[in-house]
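**Student:** The opening position of the sequence shown corresponds to residue 1 in the UniProt record's numbering, with each subsequent residue numbered one higher.
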Amino acid sequence: MDGDPAVEPQLDALSLTLPLPYRVALLTVLGIWGWGANLHYLYGIKIDVPGLIRYPSRASSAQAPHYRTAYRLAATAATGVGLSLVFFWLLTRRDPSRVLAYDWLPMTTLGGLALLLLVPLPRRLQQLLRPSAASTAGGSGGGGGGNVVPLWASLPQDGRRRFAAMVRRVALGGLAEPQHGKFGDVLLADVVTSYAKVLGDVFVCVCMFFFPSSPGREASATDRPDRDCGGAVIVPLIMAAPSAARLRQCLIEYVRARRAREPGGQHLANALKYFSAFPVIVLSALQRPDGSPGDASAASLRQAWIIAVLINSLYSFYWDVTRDWDLTLLTEARDSVGQPWGLRRRLYIRPAPQIYYAVIAMDLMLRCTWSLKLSPHLGRVGAHGDFESSLFLMELLEVFRRWVWIFFRVETEWIRTTGNAALGADDLLLGDYQGKYDDEDD
C-alpha cells in the first residue's frame, strides 16, 4: 500500500506517532503512576489510605509501604508499553502503510496491559515463584534469565486480585459495605467515570481491528480513529456506563440510609449529578455530523446540548467543592471565623490555603472541558489531526484533574472518619490561620 493516496492522507501526525491503542495504554499507565503518587504523598502527611479503603495493613514495618508496590506495578507497565512503542517506531518509521500493517503490536500491548492489571498469578504459582525469587536475589547474580522471576514474584499479586474483584463489583454498580471497603469502591467508580472516553476508545480500537473504517481499506486499529465504528450507538452507551454504575451506587447508599432510618437526600442529589451526564451523551449522539448549520432541528439540538453541558459541568463542580471536599466556598459558611475564607477548619495538604484556591479554579476549568469530552459527536466531526491531538490533550487533562481530586477527596474522608481524634500539629487549626504555615513535621 506504499504511496497509495487513498491511505496516506488519512493518517494524521498523531496517529503516525502514537496510534489510538498506544494512547489508551499511555493514559492507563499514567493512572497507575498517579495512584502511586497519591499513596506516596498521603502516606507522607500521615493519612492512612489503606485503612480508609479497608485494604490489609502491612504485617510489619519491615515491609515496603503500599505506594512502593504501586510504583513497582507502574514501572512494570510503563516498561512494557515503552518497549513496545519503541519497537513499533523502529518497525514503521512513520510510514503510513507500515503503521496500518503493524496494528497487531499495539493491540497485543493493550491486551497484555489488561492482563497485568486484572489477572494476577494463581496462588499456587505465586507460592512456587516466591522461594525461587528469594534464592535468585540471594545468589551470586549468575544467570541473566533468573531476573524475570523476581520481577513477577515481586508484583502486588494480592492487590491485583483485590483490584480485579473491585472492578467486577463496580462495573455493575455494586457497592461494598462500609466495613468492607465501600470508600474504595466509590473512589474506583469515580476514577472510571474520568476514563469514560478512554473506554469508548478501547471499543473503537477493537472494532477497527476487525472492521475497515471505509470500503476499500483494510481493517487496522492504528488507522485514523473511526468513532462511528460499530454504529453510532455503542460508543455512547459505553461512555454512559461508568456514570450509570456510579448512579446505581448512589441509589444503593440511599436505600441503606433509609433502612437505617437516616436521611438519604444527599445520596439522591449525588445520583442526580451522575444522571446529568446522560443528556450530554444522548444529545451529542443525536447530532449528525453532516447536519446543516441552518437546520432548525440541528440548531435546537445543539442549544439543548450546550445547556446540558453547562448543567453537568456546574453541578459537578459544586459537588466537588461542597460535598466531596467539604469546602465552604459555595455555602453561607464561607465567612466563618477561624478558617481560611471559603475553605474549612482542617487542612492537611500544603501549601495551604493557596493550593486549595488553585485546585478549585483548576477543577472548574477542567470540569467544563470534561463535559465537552463526554460528547461522542465531536469525534465524528473532527476530520483533521488537530482534533485528535486536542481530544487526547483533554483526556490527559482529565486524568490529571482526577489525580488531583483524589488527594482532596481522600483528605476529606480522613477528616470525616477520624474526627478530632486525629487532630495534630500538622493540621491547620482553628485560630492558627494568620497567613503563616509551619511546614515542619513533628
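Ideal Cβ placement from N, Cα and C applies to all residues, glycine included. No experiment lies behind these values; they were computed from the predicted model shown.
Kindly confirm or deny that the stretch 23-38 and the stretch 163-174 touch, where touching means at least three C-beta pairs closer than 8 Å.
**Tutor:** Result no; under three Cβ-Cβ pairs closer than 8 Å.
**Student:** In or out: TRP414 buried (at least 16 other Cβ within 10 Å) or exposed?
**Tutor:** The residue given as residue 414 occupies position 414 in the sequence shown. Buried.
**Student:** DSSP state of ILE53, grouped into three classes?
**Tutor:** As a first step, residue 53 must be located in the sequence shown, where it is residue number 53. Here ILE53 sits in coil by DSSP.
**Student:** Assign LYS46 to buried or exposed, taking buried as 16 or more other Cβ atoms, counted over all protein chains shown, within 10 Å of its Cβ.
**Tutor:** As a working note, residue 46 is residue 46 in the sequence shown. Its Cβ having fewer than 16 others within 10 Å, LYS46 is exposed.
**Student:** Under DSSP, the alpha helix (DSSP H) around GLU253 begins and ends at which residues?
**Tutor:** Residue numbering aside, residue 253 sits at position 253 when the sequence shown is read from its first letter. It spans 234-259 - the alpha helix (DSSP H) in which GLU253 sits, taken as one unbroken run.
**Student:** Run the CB neighbour count on GLY44, radius 10 Å, all protein chains shown included, and call it buried at 16 or more, exposed below.
**Tutor:** One-based indexing of the sequence shown puts residue 44 at position 44. Its Cβ having fewer than 16 others within 10 Å, GLY44 is exposed.
**Student:** Of the choices THR369, GLU388, ARG54 and SER389, whose alpha-carbon is the least far from that of ARG401?
**Tutor:** As a working note, residue 401 is residue 401 in the sequence shown. Cα-wise, what sits closest to ARG401 is THR369.
**Student:** In angstroms with no decimal places, state the Cα-to-Cα distance between VAL148 and PRO65.
**Tutor:** As a first step, residue 148 is located in the sequence shown; it is residue number 148 there, counting from the start. As a first step, residue 65 is located in the sequence shown; it is residue number 65 there, counting from the start. Caution applies to VAL148, whose pLDDT of 47 falls short of 50 and renders its modelled position unreliable; the model cannot decide the point.
**Student:** Is VAL337 helix, strand or coil when you go by DSSP?
**Tutor:** Stepping through the sequence shown from its first residue, residue 337 is reached at position 337. In the structure shown, VAL337 sits in coil (DSSP, three-state: anything other than H, G, I, E or B).
**Student:** How is the alpha helix (DSSP H) around ASP103 delimited, first residue to last?
**Tutor:** Here residue 103 corresponds to residue number 103 of the sequence shown, with the count starting at 1. Premise fails: ASP103 is in no alpha helix (DSSP H) and is neither H nor E.
**Student:** When you compare the CB positions of ALA308 and PRO279, do they come within less than 8 Å of one another, or not?
**Tutor:** As a working note, residue 308 is residue 308 in the sequence shown. As a working note, residue 279 is residue 279 in the sequence shown. It is a contact, given that the beta carbons lie within the stated cut-off.
**Student:** Going along the chain, which unbroken runs of the alpha helix (DSSP H) with 4 or more residues stay wholly within the stretch 160-240?
**Tutor:** Runs of the alpha helix (DSSP H) inside the stretch 160-240: 182-194 and 196-210.
**Student:** So does the stretch 271-287 actually touch the stretch 232-247, counting three or more Cβ pairs closer than 8 Å?
**Tutor:** Touching, yes, given that three or more Cβ pairs across the two stretches are closer than 8 Å.
**Student:** Would you please state the rounded distance, in angstroms, between the beta carbons of ASP223 and LEU100? I believe it to be under 8 Å.
**Tutor:** Residue numbering aside, residue 223 sits at position 223 when the sequence shown is read from its first letter. Residue numbering aside, residue 100 sits at position 100 when the sequence shown is read from its first letter. The pair is a contact, with the Cβ atoms about 6 Å apart (cut-off 8 Å).
**Student:** When you compare the CB positions of PHE408 and VAL359, do they come within less than 8 Å of one another, or not?
**Tutor:** The residue labelled residue 408 in the question sits at position 408 within the sequence shown. The residue labelled residue 359 in the question sits at position 359 within the sequence shown. Cβ atoms of PHE408 and VAL359: closer than 8 Å.
**Student:** How many Å lie between GLN157 and LEU396 at the Cα?
**Tutor:** The residue given as residue 157 occupies position 157 in the sequence shown. The residue given as residue 396 occupies position 396 in the sequence shown. About 28 Å.
**Student:** Using alpha carbons as the reference points, say which of ARG345, LEU327 and VAL206 lies closest to GLY111.
**Tutor:** The count along the sequence shown starts at 1 and reaches residue 111 at position 111. Selected option, being the one with the closest Cα: VAL206.
**Student:** Determine the closest residue to ARG169 out of ARG344, TRP319, GLU218 and ILE252, with distance taken between C-alpha atoms.
**Tutor:** The residue you call residue 169 lines up with position 169 of the sequence shown. For the residues ARG344, TRP319, GLU218 and ILE252, the minimum Cα distance to ARG169 belongs to ILE252.
**Student:** What does the alpha-carbon distance come out to for the pair ARG72 and THR79?
**Tutor:** Walking along the sequence shown from the start, residue 72 turns up at place 72. Walking along the sequence shown from the start, residue 79 turns up at place 79. Near 11 Å, if we compare the C-alpha coordinates of THR79 and ARG72.
**Student:** Taking only three categories from DSSP, how would you classify residue 446?
**Tutor:** Residue 446 is absent from the structure shown; the chain starts at 1 and stops at 442.
**Student:** Leaving out the 5 sequence neighbours to the left and right, which residues in its chain are closer than 6 Å to GLY264 when beta-carbon positions are compared?
**Tutor:** For the purposes of this step, residue 264 is taken as residue 264 along the sequence shown, with counting starting at 1. Same-chain partners within the cutoff: TYR254, ALA257 and ARG258.
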